[in-house]
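Under the UniProt record's numbering, the first residue of the sequence shown carries the number 1, and numbering increases by one thereafter.
All residues carry an ideal CB built from backbone N, CA and C; glycine is no exception.
A short worksheet on the structure shown next.
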Amino acid sequence: MAYHPWIIVSGILGNILSFMVYLAPLPTFLRVYRKKSTEGFQSIPYVVALVSAALWIYYATLKSNAFLLMTINSFGCFVETIYTVVFIIYAPKKARILTMKLLLLFNFGGLLLILLLTHFFSKGPSRIHIVGWFCVVSSAGVFAAPLSIMRLVVRTKSVEFMPFALSFFLTLSAIMWLIYGVLLKDFYISLPNIIGVVLGMIQMVLFVVYKKYKNIENEQKQLPVQVANGKNLAPIKASNNTDSSLQVSGDVGVGRDENPHDHPLQHSHKSMESTNQAEPGECAV
1 MAYHPWIIVS GILGNILSFM VYLAPLPTFL RVYRKKSTEG FQSIPYVVAL VSAALWIYYA
61 TLKSNAFLLM TINSFGCFVE TIYTVVFIIY APKKARILTM KLLLLFNFGG LLLILLLTHF
121 FSKGPSRIHI VGWFCVVSSA GVFAAPLSIM RLVVRTKSVE FMPFALSFFL TLSAIMWLIY
181 GVLLKDFYIS LPNIIGVVLG MIQMVLFVVY KKYKNIENEQ KQLPVQVANG KNLAPIKASN
241 NTDSSLQVSG DVGVGRDENP HDHPLQHSHK SMESTNQAEP GECAV
């Protein structure tokens, strides 16, 4: 079957953009490897992406001339497997157990069940339709998986755990595969990518909004801090009087140096020591 040139072009561009999508989390996992910790990152997007790539490979084997689907999803399986293994190695115990449960449930149990059911209980076009719907659901899961990260971004007002490169290339990739599916008149390819375009645009909007919020917050943190332990502290001013007493603005008092039994002096030292031992995040001026 001869394809229209634009189908081939959109498929090749879809491969290139999907290749960049799969490599977008690489800096994140290099960071995980260097710090030996997954910090606040989650494994759900990578586990779901692994399932989806495997299902698309199965779908490509049932279709004729589906080389472009086969190549990119084979690469996707390889990359997502590496990401998942790295996550399991460096994740906390609770996150590690959850990831392994997800792998057993979806990547082994789910895939094996789909293969057996479609191989023994369906034939010809009906098998393609069944596998196609599974691909639609899994691809929708790939695009919906970052919803948990989007919720984290809204709650923390930080885009640290939602890389812009991933959202950007994911949206472009969805657009290109949508064009590919429409031109090919393949409903199972075009439908999930409509969802991908919408969710990808939402992610980029969130990134712009909370990136700006973070910049404003950083500017506010750079302002001089004049409060410590709930009290406004002004610089210590030496008195011009002839006696040796010091005057301190606020309610911190310092007594005469020549009176070793003066209790206010002892109280002053304790107050100043407690100010110098402020908790992290507080500034003792």
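- Between residue 171 and residue 200, the beta carbon gap of about 3 Å places them in contact (Cβ cut-off 8 Å).
- The criterion of a C-beta distance shorter than 9 Å is not satisfied by residue 184 and residue 72.
- Shown here, residue 40 sits in coil according to DSSP, grouped into three states, outside any helix or strand.
- Here the alpha carbon of residue 122 sits roughly 13 Å from the alpha carbon of residue 132.
- Straight through space, the alpha carbons of residue 79 and residue 48 are spaced by roughly 13 Å.
- Note on residue 25: 16 or more other CB atoms within 10 angstroms of its CB, so buried under the neighbour-count rule.
- Between the beta-carbon of residue 151 and that of residue 62 there is about 36 Å, and that puts the pair past the 8 Å contact cut.
- When C-beta atoms of the region 206 to 213 are compared with those of the region 32 to 43, fewer than three pairs fall below 8 Å, so the two segments do not count as touching.
- By the neighbour-count criterion, in which 16 or more other beta carbons inside 10 Å mark a residue as buried, residue 97 falls on the exposed side.
- Excluding the 5 residues flanking it on each side, residue 167 has same chain C-beta neighbours closer than 8 Å at 146, 200, 203, 204 and 207, in chain order.
- The alpha-carbon of residue 159 is positioned some 46 Å away from that of residue 124.
- Just so you know, the alpha carbons of residue 83 and residue 142 end up roughly 15 Å apart.
- DSSP places residue 18 in the uninterrupted alpha helix (DSSP H) bounded by 5 to 23.
- Excluding the 5 residues flanking it on each side, residue 20 has same chain C-beta neighbours closer than 7 Å at 169, in chain order.
- When secondary structure is reduced to three states using DSSP, residue 80 falls in the helix class.
- Counting along the chain, residue 105 sits inside no alpha helix (DSSP H), nor does DSSP assign it H or E at all.
- Listed in chain order, the non-local C-beta contacts of residue 178 below 7 Å within the same chain comprise 190, 193, 194 and 197, local neighbours out to five positions each way being set aside.
- Setting aside the 5 residues that flank it on each side, residue 114 is surrounded in the same chain by 55, 58, 131 and 134, each with a C-beta closer than 8 Å to its C-beta; the list follows chain order.
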